[in-house]
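Everything below concerns the one structure shown next.
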Amino acid sequence: MGINTPLYFKIEMDLRKKIVAGDYAVGQLLPSERELVEIYHVSRLTVREAINRLVAQGMVRKEQGKGTFVSRPTTDHMVGSLNSTSEVFLLKNYVLKTKVIASMVSLPSGKICEKLKLRPDGTEKIFYLERVRYADDHPFAHIKCYLPYDPIEKIEVIDFSEASLYRTLEDNYRLELYEAFEVIEAAGVDRTSARWLELEAGAPILFNQRTAYLKDGTVIEYEEVFYRSDIFKYQNKLIRRGGTKLQ
Numbered sequence: 009m010g011i012n013t014p015l016y017f018k019i020e021m022d023l024r025k026k027i028v029a030g031d032y033a034v035g036q037l038l039p040s041e042r043e044l045v046e047i048y049h050v051s052r053l054t055v056r057e058a059i060n061r062l063v064a065q066g067m068v069r070k071e072q073g074k075g076t077f078v079s080r081p082t083t084d085h086m087v088g089s090l091n092s093t094s095e096v097f098l099l100k101n102y103v104l105k106t107k108v109i110a111s112m113v114s115l116p117s118g119k120i121c122e123k124l125k126l127r128p129d130g131t132e133k134i135f136y137l138e139r140v141r142y143a144d145d146h147p148f149a150h151i152k153c154y155l156p157y158d159p160i161e162k163i164e165v166i167d168f169s170e171a172s173l174y175r176t177l178e179d180n181y182r183l184e185l186y187e188a189f190e191v192i193e194a195a196g197v198d199r200t201s202a203r204w205l206e207l208e209a210g211a212p213i214l215f216n217q218r219t220a221y222l223k224d225g226t227v228i229e230y231e232e233v234f235y236r237s238d239i240f241k242y243q244n245k246l247i248r249r250g251g252t253k254l255q
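Using the working numbering, the letters of the sequence shown map in sequence onto residues 9 to 255.
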């Protein structure tokens, strides 16, 4: 985590990680405030703030006179559902904020022409959207989106600090996102993303490349996302064709 990350947030993330991993099972009693103070070497107020945040997210529940119990595991992003990151985190009961770094019409590089299936001479306009996403005031994602401009003219006037990109495409432009392909890998964060994510350069992150398609096969978006791996996780449900068990 970054050097300015509050102690209560570090404790919250550590407890969350242990709940997701099953170290603390659903229904299990968490260590008392006093025990957590000794474990993390912090004040009781710091521990209380971390626990209260987990309560607000539905991860744990307090029972008067008994203690704090695990409610349910976190609902991390399920690979296989085509949601924008704003939709995912709203489902997880985080308070989400977005900072727009860039929102503009430009000409694409050769790489982006290839990703969006545009003419290789780079003369077709694209819409470029760069944002940082915050969950409960903590940065978790640095996002770069590239879209062909032709079907979404004037999209640059929309305030994407408030609006969801995918909902805008569907509601404002009647573009139905049909499927997407993702490549997710572990990586070391570069200096630019490290600054936005409040990490040290080279810290481990999740790097996600997504290409989204309309039903007719048209590429509508290429996206690169740099996720803080201590906050954002992926789950993947695998089903074999024909309903047989995976081998």
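Even for Gly, the Cβ is constructed at its ideal location relative to N, Cα and C.
Kindly give me the distance between the Cβ atoms of residue i and residue j, rounded to whole angstroms, as I take these residues to be in contact under 8 Å.
i	j	result
LEU126	PRO156	6 Å
ALA195	TYR221	With a Cβ gap of about 25 Å, ALA195 and TYR221 do not count as contacting.
ILE27	PHE148	That belief does not hold up - the Cβ atoms of ILE27 and PHE148 are roughly 18 Å apart, past 8 Å.
SER40	GLY75	6 Å
LYS162	ARG139	Not confirmed; about 19 Å, so no contact.
VAL227	GLU164	Not really, about 19 Å apart at Cβ, beyond 8 Å.
PHE215	GLU231	Not quite, the Cβ-Cβ distance comes to about 11 Å (not below 8 Å), so this is no contact.
Do you know whose CA, among the options, lies nearest residue i's CA?
i	options	result
TYR16	TYR181, GLU57, GLU46 and SER172	GLU57
ASN60	ASP31, ALA29, LEU23 and ALA33	LEU23
PRO128	TYR142, THR226, PHE148 and LEU115	LEU115
LEU53	ILE27, ILE19, GLY30 and GLN36	ILE19
TRP204	VAL68, TYR142, GLY30 and LEU124	TYR142
ILE160	TYR186, TYR174, GLN217 and VAL45	TYR174
LEU137	ILE109, ASP158, CYS121 and LYS123	ILE109
TYR32	VAL68, VAL55 and ARG42	VAL68
VAL34	GLY225, ASP167, GLY66 and ALA211	GLY66
GLU184	ARG42, GLU229 and LEU38	GLU229
THR131	LEU38, ASP158, GLY73 and ALA29	ASP158
SER51	THR219, PRO14 and GLN36	PRO14
ALA209	GLN217, ARG218 and ARG199	ARG199
Report buried or exposed for residue i, applying the criterion of at least 16 other Cβ atoms within 10 angstroms of its Cβ.
i	result
ILE47	exposed
SER201	buried
ILE213	buried
SER94	Residue placement at SER94 is poorly supported in this model, since its pLDDT is 49, which falls under 50; the coordinates still yield a value, given next. SER94 should be labelled buried.
MET21	buried
LYS119	exposed
HIS49	exposed
VAL78	buried
VAL103	exposed
GLY88	Low local confidence applies: a pLDDT of 48 at GLY88 is under 50, so the model's placement there is unreliable, with the coordinate-based value given in what follows. Flag for GLY88 reads exposed.
### Message
List, from N- to C-terminal side, the beta strand (DSSP E) runs of 3 residues or more that fit wholly inside the region 168 to 238.
### Response
Counting only runs of 3 or more, we get 185 to 196, 212 to 222 and 227 to 236.
### Task
Let me know the alpha helix (DSSP H) ranges lying completely inside the region 41 to 76, each 4 residues or longer, listed in chain order.
Within the region 41 to 76, the complete alpha helix (DSSP H) runs of at least 4 residues are 41 to 48 and 52 to 64.
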